[in-house]
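Student:
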Amino acid sequence: MTVPVPDRGTPAPGLFRDEAVTALDAQTRLESRLRIVSPRRWLILAVVALLAVAAGVWAFVGRAPITVSGTGALLPPNGLVQVVAAVDGVVAEVPDVADDHPGTAPVEVAAAQPLLRLRLSDGTITDVAAPVSGVLVGRSPLAVGSAVDAGEVVGQVLPGQAGPIALLFVDQNAAATIVPGMPARLNPDTAPAGAYGDLLGRVVGVDVLPLDPVDFLQLAGDNSELAGAMAQDGAYRVVVALDTADTPSGYAWSSRTGPPFAIAPGTVLSGVVVIGEQQPIQSLLGG
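Quick note: the sequence shown uses full-length UniProt numbering, first residue 1, plus one each step.
#1: Indicate the three-state DSSP secondary structure (helix, strand or coil) for Gln161 in the structure shown.
#2: Under the rule that 16 or more other beta-carbon atoms within 10 Å means buried, what is Ala249, buried or exposed?
#3: Is Pro114 helix, strand or coil when you go by DSSP?
#4: Using the C-alpha atoms, what's the distance from Asp88 back to Asp149?
#5: Output the boundary residues of the beta strand (DSSP E) element that contains Tyr236.
#6: Just tell me which of Ala195, Asp215, Asp171, Gly234 has its CA closest to the CA of Leu80.
#7: What would DSSP say about Pro39, mapped onto helix, strand or coil?
#8: Put residue 288 into one of helix, strand or coil per three-state DSSP.
#9: At 3 residues or longer, and completely inside the segment 181-264: list those beta strand (DSSP E) runs for me, N to C.
#10: Using a 10 Å radius around the Cβ and a threshold of 16 neighbouring Cβ atoms, would you call Arg139 buried or exposed?
#11: With DSSP collapsed to three states, give me the class of Val179.
#12: With DSSP as the reference, identify every bridge partner of Val272, one or two as the case may be.
#13: How far does the beta strand (DSSP E) with Leu136 in it extend, from its first residue to its last?
#14: Of all the options Pro131, Ala130, Gln113, Val91, which has the alpha carbon lying nearest to the alpha carbon of Arg119?
#15: Using only CA atoms, which one of Pro259, Ile66, Val204, Val239 lies nearest to Asp246?
#16: Spatial neighbours of Leu219 within its chain, please: C-beta separation below 6 Å, excluding the five flanking residues on both sides.
#17: In whole angstroms, give me the CA-to-CA distance for Val94 and Val144.
#18: Anyone know if the C-beta pair for Arg202 and Gly181 falls short of 9 Å?
#19: Apply the 10 Å Cβ neighbour rule to Thr267 and answer buried if 16 or more other Cβ atoms are within range, or exposed otherwise.
#20: If you reduce the DSSP assignment to three classes, tell me which class Leu50 lands in.
#21: Quick check: Val238 and Leu168, are their CB atoms within less than 9 Å of each other?
#22: Taking Pro183 as the reference, which of Val47, Val109, Trp253 has the closest Cα?
#23: Between Gly234 and Ala174, which are expected to be in contact by the criterion C-beta below 8 Å, what is the C-beta distance as a whole number of angstroms?
#24: Indicate whether Val84 and Val153 have their beta-carbon atoms separated by less than 9 Å.
#25: Please state if the CB of Ser133 and the CB of Gly197 are separated by a distance shorter than 9 Å.
#26: Short of 6 Å in beta carbon distance, which residues of its chain neighbour Asp127, apart from the five on each side in sequence? Order them along the chain.
#27: Could you give the DSSP three-state label for Ala166: helix, strand or coil?
#28: CA-CA distance, Leu209 and Ala111?
#29: By alpha-carbon positions, which one of Val109, Asp171, Asn187, Asp212 ends up nearest to Gly160?
#30: Apply the 10 Å Cβ neighbour rule to Ala231 and answer buried if 16 or more other Cβ atoms are within range, or exposed otherwise.
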């Protein structure tokens with residue numbers, strides 16, 4: 001004869017006190033919720049912990065640059081040389097000298113090279129010539145028959161002896177923190193940093209007095225658009241000597257080669273000067 005085995009999972013009614021049964025049920029439910037953590041989850045937890053430790057160490061041991069920013073242009077300290085008509089006249093001829101365009105080779109002009117020919121009121125012809133040798137940055141789009149007034153600016157030339165120099169303009173507070181020798185990282189408008197990296201250089205001079213709007217116009221060769229672009233962030237001039245390298249542009253970049261084209265003189269740029277370093281935790285705490 002088979003003797004029925006009682007169900008041991010649930011105590012028989014009346015066999016134990018209600019308090020004991022409740023405690024036993026709670027313990028059973030707790031054990032049913034426990035799960036063994038898989039090795040994959042342990043690995044994820046270990047990686048997260050390692051990253052947290054690394055971030056903490058970097059926050060106290062690492063160094064982050066302190067920078068000040070500005071805007072400027074690829075120009076020498078004294079800017080562009082204006083090509084000015086000395087007399088009133090009418091355009092008789094526009095010599096075949098192509099204006100420079102971003103991404104093309106610079107257009108060289110010689111001192112006294114005619115950039116425009118004017119017919120005077122007495123019928124004689126006179127030239128408006130480049131005052132210095134250098135790179136032709138811009139020329140007014142004047143057609144034959146256009147009237148030209150004495151003193152009118154008809155072009156701009158970058159002097160040939162200018163060298164690899166850029167100008168950055170910052171506000172007064174930033175200028176007070178900059179000294180020669182500090183590194184600079186520049187971003188020409190025609191060569192986005194996301195694609196080509198930063199143009200590298202070093203500060204060689206900083207003005208102690210601000211420029212006024214007339215000064216900016218003179219630097220820009222009377223180009224009001226260029227003058228306005230340079231003056232966006234401040235009026236204190238910072239002169240940056242650009243690092244040269246065997247690259248398509250002739251300059252050194254934070255990327256391996258930079259853009260596959262030349263950067264035209266007068267190109268507008270933005271950039272920063274590295275004035276120091278600090279621990280990352282200091283920047284997080286506002287120090």
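Backbone N, C-alpha and C fix where the C-beta goes; we use that ideal spot for every residue, glycine too.
The model shown is predicted, which means the values in this text are computed figures rather than measured ones.
Tutor: Quick look at the numbers:
#1: What you label residue 161 is simply residue 161 of the sequence shown in a count that begins at 1. Note: Gln161 maps to coil in three-state DSSP.
#2: Taking the first residue of the sequence shown as position 1, residue 249 is located at position 249. In the sequence under discussion, the amino acid at residue 249 is Ser, which differs from the Ala named in the question. It counts as buried.
#3: Within the sequence shown, residue 114 is the residue found at index 114, counting from 1. In the structure shown, Pro114 sits in a strand (DSSP, three-state: E or B).
#4: Position 149 of the sequence shown, counted from the first residue, corresponds to residue 149. Position 88 of the sequence shown, counted from the first residue, corresponds to residue 88. Each residue's CA atom was taken as its position, placing Asp149 and Asp88 some 4 Å apart.
#5: Here residue 236 is taken as the residue at index 236 of the sequence shown, counted from 1. Residues 236-242.
#6: Counted from its first residue, the sequence shown places residue 80 at position 80. The shortest CA-to-CA distance from Leu80 to any of Ala195, Asp215, Asp171, Gly234 is the one to Asp215.
#7: In the sequence shown, the residue the question calls residue 39 occupies position 39. In this structure, Pro39 counts as helix in the three-state DSSP scheme.
#8: Beyond the ends of the chain as shown, which are 1 and 287, falls residue 288; an answer cannot be given.
#9: Fully enclosed beta strand (DSSP E) runs of 3 or longer: 183-188, 199-206, 236-242.
#10: As a first step, residue 139 must be located in the sequence shown, where it is residue number 139. Using a 10 angstroms sphere on the CB of Arg139, the tally of other CB atoms reaches 16 or more, which defines it as buried.
#11: In the sequence shown, the residue the question calls residue 179 occupies position 179. Val179 falls in the coil class under three-state DSSP.
#12: By one-based count along the sequence shown, residue 272 stands at place 272. According to DSSP, which records beta bridges pairwise, Val272 is partnered with Ser69, Arg185.
#13: Numbered from its first residue, the sequence shown carries residue 136 at position 136. From DSSP, the beta strand (DSSP E) with Leu136 extends over 134-139.
#14: The residue given as residue 119 occupies position 119 in the sequence shown. Comparing alpha carbon positions, the residue from Pro131, Ala130, Gln113, Val91 closest to Arg119 is Val91.
#15: To locate residue 246, count along the sequence shown from 1; it is residue 246. Nearest of Pro259, Ile66, Val204, Val239 to Asp246, Cα basis: Pro259.
#16: As a position in the sequence shown, residue 219 is number 219, starting the count at 1. Cβ neighbours of Leu219 beyond the five flanking positions: Gly79.
#17: Against the sequence shown, residue 94 aligns to sequence position 94. Against the sequence shown, residue 144 aligns to sequence position 144. Val94 and Val144: Cα-Cα distance of roughly 7 Å.
#18: As a first step, residue 202 must be located in the sequence shown, where it is residue number 202. As a first step, residue 181 must be located in the sequence shown, where it is residue number 181. Gly181 sits close to Arg202, with the two beta carbons spaced by under 9 Å.
#19: Mapped onto the sequence shown, residue 267 falls at position 267. Around the CB of Thr267, 16 or more other CB atoms lie within 10 Å, so the residue is classed as buried.
#20: Start at 1 with the first residue of the sequence shown, and residue 50 comes out as number 50. Helix.
#21: On the sequence shown, residue 238 is found 238 positions in, with the first residue counted as 1. On the sequence shown, residue 168 is found 168 positions in, with the first residue counted as 1. Taking 9 Å as the Cβ cut-off, Val238 and Leu168 qualify as a contacting pair.
#22: Here residue 183 corresponds to residue number 183 of the sequence shown, with the count starting at 1. Minimum Cα distance to Pro183 is reached at Trp253.
#23: Position 234 of the sequence shown holds residue 234. Position 174 of the sequence shown holds residue 174. With 8 Å as the limit, Gly234 and Ala174 qualify as a contact, their Cβ atoms being about 7 Å apart.
#24: Here residue 84 refers to the residue found at position 84 of the sequence shown. Here residue 153 refers to the residue found at position 153 of the sequence shown. Against a cut-off of 9 Å, the Cβ pair of Val153 and Val84 comes out as a contact.
#25: By one-based count along the sequence shown, residue 197 stands at place 197. By one-based count along the sequence shown, residue 133 stands at place 133. The answer is no: Cβ separation not under 9 Å.
#26: The sequence position of residue 127 within the sequence shown is 127, counting from 1. Residues Pro114, Arg117 of the same chain have their beta carbon placed closer than 6 Å to that of Asp127, with the five preceding and five following residues left out of the count.
#27: In the sequence shown, the residue the question calls residue 166 occupies position 166. In this structure, Ala166 counts as strand in the three-state DSSP scheme.
#28: If you number the sequence shown from 1, residue 209 lands on position 209. If you number the sequence shown from 1, residue 111 lands on position 111. Each residue's alpha carbon lies about 32 Å from the other.
#29: In the sequence shown, the residue the question calls residue 160 occupies position 160. Closest by alpha carbon: Val109.
#30: Start at 1 with the first residue of the sequence shown, and residue 231 comes out as number 231. That one is buried.
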